[in-house]
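What follows is a single structure, written as structure tokens, with notes after it.
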Amino acid sequence: MNTDIRELLQAVQAGHISVDDALLQLKKQPFADLGYAKVDLHRKVRQGANEVIYGEGKTAAQIIGILDTMKQNGQKNVLITRLSKEKADAINENVPITYYENAKLAIAGEVAKPGGIGKIVVATGGTSDIPVAEEAALTAEFLGNPVVRLYDVGVAGLHRLLNHSDELMGASVVIAVAGMEGALASVVGGLVDCPVIAVPTSVGYGAAFGGLAALLSMLNSCASGVSVVNIDNGFGAGYLAGMLNHMGGTQ
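Residues 800 to 1050 (the working numbering) make up the sequence shown, in order.
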């Protein structure tokens, strides 16, 4: 995912850019202070992917200002998470975005070209878990990963999951999204030889405690290779899966 520095160094090596000009690019201010936000312009250099805008709690005007700053500093593609449709409509009048209402997520620009060492499988326990799963899937796709979606394959009907054994066993990473008791992650972890990222959701009746029951179940999974992100954190799962899928790559 981290190509900017590599491309800059290759340009210096090929004689397309001088050492001084390259040094100037690296010395540019690492963040832009907008007063209400300090936009991190060196995030991709450090972490391999540009800064993502968390939309909840920000006004449409603030998000537009952040988007403009990113664009002025060479960031062509931006991911915005936890964005309401009302804000998305207001933003779209000023900056073109593609909005995915189910995932409450928007993309300015285009997603990266799919690559990596394999495919990321996103599986849900039920249909009610799809909004969180879509946040994970779209995040992974935005970061340049091929994604396979397996929705409503929970343990209440285990045959539905086993019917997709080939997709699961051929994955480089599996994201298991489930509420209720969160058992899907353990079952998937016992079937595959790749990392499993468990995402507890706030789906469930009273004793599910807004996803806490699923979170604790996933943390106590007896299957090896299962890691857990926070409740409803589809973005975190998709981002981590993308990093794992590009380990050892040059993107």
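Note that beta-carbon positions come from the ideal geometry of N, C-alpha and C, so glycine has one too.
Being a predicted model, the structure only gives us computed values, none of them experimental.
At a Cβ-Cβ threshold of 8 Å, Gly-1033 and Thr-897 do not count as neighbours. Contact check for Val-954 against Glu-966 fails: the beta carbons are separated by 8 Å or more. In this chain, Ile-890 is not harboured by any beta strand (DSSP E); it is covered by the alpha helix (DSSP H) spanning 884-891.
Cβ-Cβ separation between Leu-942 and Ala-905: approximately 15 Å, too far for a contact (criterion under 8 Å).
Within the stretch 968-1014, complete alpha helix (DSSP H) segments of at least 4 residues are found at 983-988, given in chain order. Counting only residues of its own chain and dropping the five nearest sequence neighbours on each side, Gly-1003 has a CB closer than 6 Å to the CB of Gly-978, Met-979. A direct Cα-to-Cα measurement between Lys-912 and Asn-944 gives close to 8 Å. Val-851 and Leu-807 do not touch by the CB rule: their CB atoms are close to 23 Å apart, not below 8 Å. Remark: C-beta atoms of Ile-974 and Gly-924 do not approach each other more closely than 8 Å.
Taken atom to atom, the span from the alpha-carbon of Gly-1005 to that of Leu-1011 is near 11 Å. Ser-1020 and Ser-985 have their C-alpha atoms some 6 Å from each other.
If you draw a 10 Å sphere on the C-beta of Asn-962, you find fewer than 16 other C-beta atoms in it, and that means exposed. Contact between Ala-902 and Val-894 does not hold, since their C-beta atoms are separated by about 19 Å, which reaches or exceeds 8 Å.
For Thr-880, the enclosing beta strand (DSSP E) covers residues 877-880. CA-to-CA, the gap between Thr-868 and Glu-909 works out to about 18 Å. Taking all protein chains shown into account, Val-818 has fewer than 16 neighbouring C-beta atoms within 10 Å of its C-beta and is therefore exposed. DSSP places Val-931 inside the alpha helix (DSSP H), whose first and last residues are 929-941. In the structure shown, Tyr-1038 adopts helical secondary structure according to DSSP, grouped into three states. The beta carbons of Ala-1013 and Thr-1000 sit closer together than 8 Å. Counting along the chain, Thr-858 sits inside no alpha helix (DSSP H), nor does DSSP assign it H or E at all.
Straight through space, the alpha carbons of Tyr-853 and Leu-866 are spaced by roughly 12 Å.
Taking a contact as a CB-CB distance under 8 Å, the pair Lys-918 and Ala-997 does not count as one, their CB atoms being some 18 Å apart. Here Asn-849 is actually not in contact with Gln-871; their C-beta atoms are around 14 Å apart, not less than 8 Å. A distance below 6 Å between beta-carbons, with the five flanking residues on each side excluded, links Gly-1009 to the following residues of its chain, in chain order: Ser-1001.
When C-alpha distances from Gly-834 are compared across Gly-989, Leu-949, Ile-862, the shortest belongs to Ile-862. Of the candidates Asp-820, Cys-993, Asp-951, the residue whose Cα lies closest to the Cα of Ser-1023 is Cys-993.
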